[in-house]
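First up is the structure itself, then whatever we jot down about it.
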Amino acid sequence: MDEILDAAQELIVENGSDGMAVEALADAAEVSVVTIYNYFGSKDGVIHRLGTRHHERALALRESLLNDPPADPVSALERYIDLTFRHAFDVLDRAAWRHILAIDFGVPETSPHLDIDDVVHGQVDGMLDRVAARGGLPGGAVRRDLTDLAHAIMDYHFYRLVRDGRVAPVSAARLARRQFRVAAYAVLAQARQGKEGGVR
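Residue numbers (numbering that gives the first Met the number 0): 0 to 199.
Encoded structure:
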């Protein structure tokens, strides 16, 4: 399967996702068209699997951050946001990501196509678990709120980045960081007030 995805990646780099026909992919990967349909179901399935693989392979770039994040949860998540946007178009172009987003919006909850969101959400949640374990963050609801906030803000700005060719990854990252910082400090301040109120 990786050989097919490698060939698809090369075709997208050369011709864009619109120029990646299943027949051309079969020729490049030296497999039959039937094999591609058996593995992926469609061209959209190939592109979506490339998106999933993008996040799986990005784990290597994020690994040191995820395994040893800064003690400050906001700083940790700002660095994660930077890495996400900096490498957004390393392999897949805007058209490919549009395909992936369209698939994600159009599938039922039981579909395996939802796994891209699961990968990102799981990485963020795991990183904040480590911050919390070191005493840098209350566990429970506060950690979940920060995870959901970061994920929602990244989702919004990634959607804008993919949709609008005028938006650069660095600009999207800057806005996402700023908005996350504002929201995150509000969540943390509220948590501190609640704790102090409980002590009294």
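Glycine residues also receive a C-beta, built at the ideal position from the N, C-alpha and C atoms.
Can you name, in chain order, every residue of its own chain whose Cβ lies under 7 Å from the Cβ of residue i, other than the five neighbours on each side?
i, result
"L174", "H156"
"R129", "P68"
"A101", "none"
"V30", "I3"
"R48", "L4, F39"
I need the DSSP call for residue i, collapsed to helix, strand or coil.
i, result
"S41", "coil"
"G164", "coil"
"R133", "coil"
"F84", "helix"
"V181", "helix"
"M153", "helix"
"G138", "coil"
"V30", "coil"
"G15", "coil"
"M126", "helix"
"A20", "coil"
Within the same chain, show all residues whose beta-carbon is closer than 6 Å to that of residue i, passing over the 5 residues directly before and after it, in chain order.
i, result
"D144", "V186"
"R93", "V161"
"R191", "none"
"A176", "In the sequence as displayed, the identity of residue 176 is Arg instead of Ala. Contacts found: E77, I80."
Candidates the options: which alpha carbon is nearest residue i's?
i, options, result
"L76", "A151, G15, A101, F88", "A151"
"V73", "A20, A131, A25", "A131"
"D14", "V90, I99, D71, N37", "First, the amino acid is wrong: residue 14 is Asn here, not Asp. The residue with the shortest Cα to Cα distance from N14 is V90."
"L82", "R159, Q122, A140", "Q122"
"L136", "A188, L24, V166, I11", "A188"
"D5", "A70, F39, L24, G18", "L24"
"I35", "A70, M126, A7, D116", "A7"
"G193", "V166, G164, V169, A140", "A140"
"L65", "H98, D116, G40, L127", "L127"
"V169", "N37, R85, M19, R61", "R85"
"G18", "D1, R56, A95, H54", "A95"
"R97", "D116, A20, D163", "D163"
"L10", "E62, H54, M0, I46", "I46"
"D71", "G50, R142, E55, D116", "R142"
"R61", "V12, V21, V119, A20", "V119"
Looking only at its chain, what residues have a beta carbon closer than 8 Å to the beta carbon of residue i, apart from the 5 residues adjacent to it on each side?
i, result
"L148", "F179, A182, A183, V186"
For the ligand MG, is there any heavy atom lying closer than 7 Å to the beta carbon of residue i?
i, result
"A131", "Only the bare structure without any ligand can be found here, which leaves the ligand MG out of the picture."
Is the CB of residue i under 8 Å away from at least one CB in chain B?
i, result
"L58", "Structure shown: chain B not included; a single protein chain is present."
Q: Would you list, in sequence order, the uninterrupted alpha helix (DSSP H) runs of no fewer than 4 residues that lie entirely inside the region 45-97?
A: Listed in chain order, they are 72-85.
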